[in-house]
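Q: For the sequence shown, the UniProt record's numbering gives the first residue as 1, with consecutive numbering after it.
All residues carry an ideal CB built from backbone N, CA and C; glycine is no exception.
Take a look at this one; I'll ask things after.
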Amino acid sequence: MEGKRIAVYLCGGIASYKVVSLVRMLVKNKAQVRVAMTKEAQKFIQPLTLATLTKHQVYTDLFAENNQDFVPHIDLADWSQAAIVAPATANIIAKMATGLADDFVSTALLASTCPKYVVPAMNEHMLLNQATQRNLARLQADGIKVLETKRGFLAEGYEGQGRMPEVEEIYAWLVQQLEVKQDLKGKRVVVTAGGTHEEIDPVRYIANRSSGKMGYALASAAAQRGAEVTLISGPSALPQPMRVKFIGIETAAELATAVKRAYPTTDIVIMAAAVADYRVKKVASQKIKKENASWHLELVKNEDILFGLGQTKRNQLLVGFAAETENLLANAQAKLTKKNLDLLVANDVARKDIGFASDSNEVTLLTKNQKPKHLKRASKQVIAGAILDEIVRLM
1 MEGKRIAVYL CGGIASYKVV SLVRMLVKNK AQVRVAMTKE AQKFIQPLTL
51 ATLTKHQVYT DLFAENNQDF VPHIDLADWS QAAIVAPATA NIIAKMATGL
101 ADDFVSTALL ASTCPKYVVP AMNEHMLLNQ ATQRNLARLQ ADGIKVLETK
151 RGFLAEGYEG QGRMPEVEEI YAWLVQQLEV KQDLKGKRVV VTAGGTHEEI
201 DPVRYIANRS SGKMGYALAS AAAQRGAEVT LISGPSALPQ PMRVKFIGIE
251 TAAELATAVK RAYPTTDIVI MAAAVADYRV KKVASQKIKK ENASWHLELV
301 KNEDILFGLG QTKRNQLLVG FAAETENLLA NAQAKLTKKN LDLLVANDVA
351 RKDIGFASDS NEVTLLTKNQ KPKHLKRASK QVIAGAILDE IVRLM
C-alpha cells in the first residue's frame with residue numbers, strides 16, 4: 001500500500017464506525033489517504049476524526065471551497081489512484097449505477113477514472129430488493145469491484161444478510177486488488193466455470209446448482225495477474241470478465257471439446273465447472289407430455305474430462321475442484337490421486353453460507369506432497385487470489 005493515493009468515500013450507515021479503523025490501517029501501511037463524506041455520514045462520524053488520522057481536510061460539501069485555483073471534487077478525482085466506497089449504502093450504489101451526481105461524494109465518484117471498490121452495508125431487505133441487485137450487477141458490469149456483505153446480527157435487531165465485513169477482511173481484499181502481482185504474465189490459463197445442461201427434450205434439461213461465481217472470480221484474478229485467460233463457461237447470469245477470452249458451452253460434451261482443443265497449448269487448467277456426471281441416453285425430439293403417473297429416464301455416463309486431462313498432461317499444471325457434502329478431505333484426497341492433479345480445491349457445498357450461488361467460500365487446498373491448507377471463509381475474490389498464489393508456488 002505504500003505511496004498509493006486512496007480516496008475513501010464514507011456514506012451514512014451504522015457501519016461507518018468501522019471505516020475509521022480501515023483508514024487508520026491504510027495510513028499505518030503508508031498509503032496516502034483522503035476522505036470525502038456525505039452529510040448523512042457526518043451524523044455517525046465527525047470529519048475531524050478522519051482529518052486527524054489522514055492529516056488532510058475531509059471533503060464534505062460540493063460548494064464549501066471558495067478557491068478559484070482548483071475544483072475540489074475534480075481535484076480529488078484526479079488525485080486518486082483508487083476509490084473505496086464504504087459503507088456503500090443503497091443510495092450511493094443507485095447513484096453510481098445511474099450516474100447521478102448531486103453531492104460531493106457522488107460527483108467526485110462520477111468524475112473518477114481510477115479503479116473503484118464498493119463495500120455495501122445495509123438492511124437485508126434493502127440489499128435483496130430487485131432494484132439494489134440490479135444496481136450492484138450494473139456496477140460489476142462496469143468493472144467496479146464489489147465486496148460481498150456478511151450475514152449476522154443487524155442494527156435492526158435481527159439476523160440477516162447485509163453486515164459490512166470486518167476491517168481486516170476489507171483491507172486484505174483491497175491489498176489483493178491494489179497490489180496486483182504479474183506472476184502469471186506469459187502463462188496461458190484455461191478456466192472452466194458454471195454448470196452444464198443435459199437435454200431431456202426441447203423444454204427440459206438436467207442441471208445443477210452451480211452459479212459460476214468461483215470460476216469467474218478465478219478467471220478475472222488470473223487475467224489481472226497477467227495471464228492470457230480463456231474462460232469456458234456453462235450457462236450463467238454473470239457478466240463476462242474483462243480481458244478474458246470467453247467460450248460459452250451448454251453440455252458436458254461441448255465442454256470436453258472446448259477444453260481438449262485448448263489443452264495442448266495451455267500452461268494451467270483450472271476445472272472449476274460443475275460438470276454433469278450423466279446425460280440422457282435418448283433425447284426426445286418433442287416435449288414429453290405428462291400423461292403417465294411416473295416417468296423413467298435412462299441415463300448414461302458422461303466422459304470424465306478431468307481424468308482424461310490428468311492421463312494426457314505433459315507439463316501442464318492441472319487444478320480440480322471437489323464439491324462434497326460429506327467426508328470432505330478423504331474424498332478430495334482420493335480425487336487428487338486418481339485424477340493425477342497438481343492441486344485440488346475442496347469445499348463443503350452442504351453449507352449454505354459457502355455453497356452454490358454464495359458470494360463466499362471456504363476451501364481446503366490439497367497437493368501431492370504437502371499437508372492440506374485450509375482457507376477460512378472469505379469472498380470468492382479473496383479465495384481466488386489465494387488459489388492462484390498456490391498455483392504460482394507449484395509452477
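(1) Helix, strand or coil for residue 219 per DSSP?
(2) With C-beta atoms as the reference, is residue 318 less than 8 angstroms away from residue 342?
(3) Assuming the contact rule is C-beta atoms closer than 8 angstroms, residue 402 and residue 8 should be a hit. Round their C-beta distance to whole Å, please.
(4) Could you compute how far the alpha carbon of residue 110 sits from the alpha carbon of residue 84?
(5) For residue 185, which option in 225, 179 and 163 has the closest C-alpha, if you only look at C-alpha atoms?
(6) Can you give me the Cβ contacts of residue 107 inside the same chain, cut-off strictly under 7 angstroms, excluding the 5 residues immediately before and after it?
(7) On the DSSP bridge assignment, give the partners of residue 356 in chain order.
(8) Count Cβ pairs between the region 368–383 and the region 194–212 that sit closer than 8 angstroms; are there 3 or more?
(9) In the DSSP assignment, what residue or residues form a beta bridge with residue 9?
(10) Any chance you could list the beta strand (DSSP E) runs of at least 3 consecutive residues sitting entirely within the region 134–198, in chain order?
(11) With DSSP as the reference, identify every bridge partner of residue 301, one or two as the case may be.
(12) Taking the alpha-carbon positions, what's the residue 141 to residue 188 distance?
(13) In the structure shown, what three-state DSSP assignment does residue 206 receive?
(14) Counting C-beta neighbours from all protein chains within 10 Å, is the total for residue 88 16 or more, i.e. buried, or is it exposed?
(15) Rank 292, 309 and 283 by C-alpha distance to the C-alpha of residue 261 and give the top, closest one.
(16) Just confirm the distance between the C-beta atoms of residue 54 and residue 71, as a whole number of angstroms; I'd bet it's less than 8 angstroms.
(17) When burial is assigned at 16 or more other CB atoms within 10 Å of the CB, is residue 103 buried or exposed?
(18) For the 8 angstroms Cβ check, are there 3 or more pairs between the region 332–350 and the region 110–119?
(19) Terminal residues of the continuous alpha helix (DSSP H) containing residue 17?
(20) Which residues in the same chain as residue 182 place their Cβ atom closer than 7 angstroms to its Cβ, once the five residues preceding and following it in sequence are excluded?
(21) Could you tell me the boundaries of the beta strand (DSSP E) in which residue 315 lies?
A: Per the coordinate set shown:
(1) helix
(2) Cβ atoms of residue 318 and residue 342: closer than 8 angstroms.
(3) Missing from the structure shown is residue 402; the chain here goes from 1 to 395 and no further.
(4) 13 angstroms
(5) 225
(6) In chain order, 62, 73 and 101 place their CB closer than 7 angstroms to the CB of residue 107, counting only its own chain and leaving out the 5 sequence neighbours on each side.
(7) Answer is none; residue 356 lacks a bridge partner.
(8) With a cut-off of 8 angstroms on Cβ pairs, the region 368–383 is not in contact with the region 194–212, counting fewer than three such pairs.
(9) BP columns for residue 9 point to 36 and 85.
(10) 150–153, 159–163 and 188–193
(11) In the DSSP output, where bridge partners are listed per residue, residue 301 has 278.
(12) 24 angstroms
(13) strand
(14) buried
(15) 309
(16) Incorrect: roughly 20 angstroms between the Cβ atoms, too far for contact.
(17) buried
(18) no
(19) DSSP places residue 17 inside the alpha helix (DSSP H), whose first and last residues are 16–28.
(20) 225 and 226
(21) Segment: none, residue 315 is in no beta strand (DSSP E) and carries neither H nor E.
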